[in-house]
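With the sequence shown counted from 1, adding 471 to any position gets you the working numbering. Every residue, glycine too, gets a C-beta built ideally from N, C-alpha and C. Okay, so here's the structure we're looking at.
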Amino acid sequence: MKNISFKFTLILLAVLTVVCGVVALGVGRFYVAPGDVLSVIGGFFGVPTDAAANIQNVVENIRIPRIIAAVLVGAALSISGAAYQGVFRNQLVSPDLLGVSAGACVGAAVAIMFDMSLFWVQALAFVCGLAAVGMTLSIPRLMGRSSTLMLVLSGIIVSGLMASVIGFLKYVADPETKLPDIVYWQLGSLAKIDAGNLKFIAPVMIACAVLLVAMSWRINLLSLGDESAARLGVNVTLERGVIIVCATLLTACSVCVSGIVAWVG
Numbered sequence: 472m473k474n475i476s477f478k479f480t481l482i483l484l485a486v487l488t489v490v491c492g493v494v495a496l497g498v499g500r501f502y503v504a505p506g507d508v509l510s511v512i513g514g515f516f517g518v519p520t521d522a523a524a525n526i527q528n529v530v531e532n533i534r535i536p537r538i539i540a541a542v543l544v545g546a547a548l549s550i551s552g553a554a555y556q557g558v559f560r561n562q563l564v565s566p567d568l569l570g571v572s573a574g575a576c577v578g579a580a581v582a583i584m585f586d587m588s589l590f591w592v593q594a595l596a597f598v599c600g601l602a603a604v605g606m607t608l609s610i611p612r613l614m615g616r617s618s619t620l621m622l623v624l625s626g627i628i629v630s631g632l633m634a635s636v637i638g639f640l641k642y643v644a645d646p647e648t649k650l651p652d653i654v655y656w657q658l659g660s661l662a663k664i665d666a667g668n669l670k671f672i673a674p675v676m677i678a679c680a681v682l683l684v685a686m687s688w689r690i691n692l693l694s695l696g697d698e699s700a701a702r703l704g705v706n707v708t709l710e711r712g713v714i715i716v717c718a719t720l721l722t723a724c725s726v727c728v729s730g731i732v733a734w735v736g
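Next up, the structure:
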């Protein structure tokens, strides 16, 4: 009975997501009538559409990529947050625990300071987010303490360091041009998402999400503690590393295209 209830809940949530996505195609500064929305959607399935060219452009090139990105980012942050909570055995852990979001902010701020294109803003955000996690993982190794607690403390240290760097960059940024862009990026937005962004991040996000879902039972075992998981046949070091890498990639991909999205995951 419980299994049936769980499946029903998943199906209901999936249907609600699709309905909300279809409604969102017509809502915005440029209103699109429901009939035109359905006509454009039908065009993807070979049905002739009578929607105007500007309506097709808005729906196909602006709103559909943003809706897909919203679903991907929300799912990615949720999955990575759940994975971190299992690995670190703490229900309050968030996807930015290891400093990936703070590192991504630094990368984006540097790119904005040097007037780089949107592609390089996102690329530097992604690279610096991974670099911050690399710093977090290296601190326990350098100190000879590889405990989970030490890893969490390292994440807090690196996040604090990156926050200081961001503060400095904001201080020296031009208050008329650069500073508003940096602040706006930190607030998080899907306004600049297009199909080109999705081509790069979607395969990585889907692959990492599928792998983490497939490893969900191992995450449950790791949440029992290292000794218990090892007795149950889990290679603790290897599988924890794979889970952390996948969760970090999910978070980095999300943050690099949407900025920081708080309270998700």
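Distance, LEU608 Cα to LEU620 Cα: 12 Å
Which listed residue (ILE677, SER725, SER699) has its alpha carbon closest to that of GLY659: Looking at ILE677, SER725, SER699, the one whose alpha-carbon comes closest to that of GLY659 is SER725.
Close beta carbons around ALA701, own chain, < 6 Å, minus the five adjacent residues each side: VAL707
Three-pair Cβ contact test at 8 Å for the region 714–724 versus the region 530–550: yes
Beta-carbon proximity check, MET676 vs LEU543, cutoff 7 Å: yes
DSSP three-state assignment for ARG500, whether helix, strand or coil: coil
Spatial neighbours of GLY736 in its chain, beta-carbon cut-off 7 Å, leaving aside the 5 residues before and after: At GLY736 the pLDDT is 47, less than 50, meaning the model places this residue with poor confidence; the figure from the coordinates comes in the next sentence. Result list for GLY736: LEU548, SER549, SER551, GLY552, SER565, PRO566, in chain order.
For ARG534, three-class secondary structure by DSSP: helix
Residue range of the unbroken alpha helix (DSSP H) whose run includes GLY631: 619–643
Continuous alpha helix (DSSP H) stretch holding MET676: start and end: 666–685
Environment of ASN525 [buried if 16+ CB atoms lie within 10 Å]: exposed
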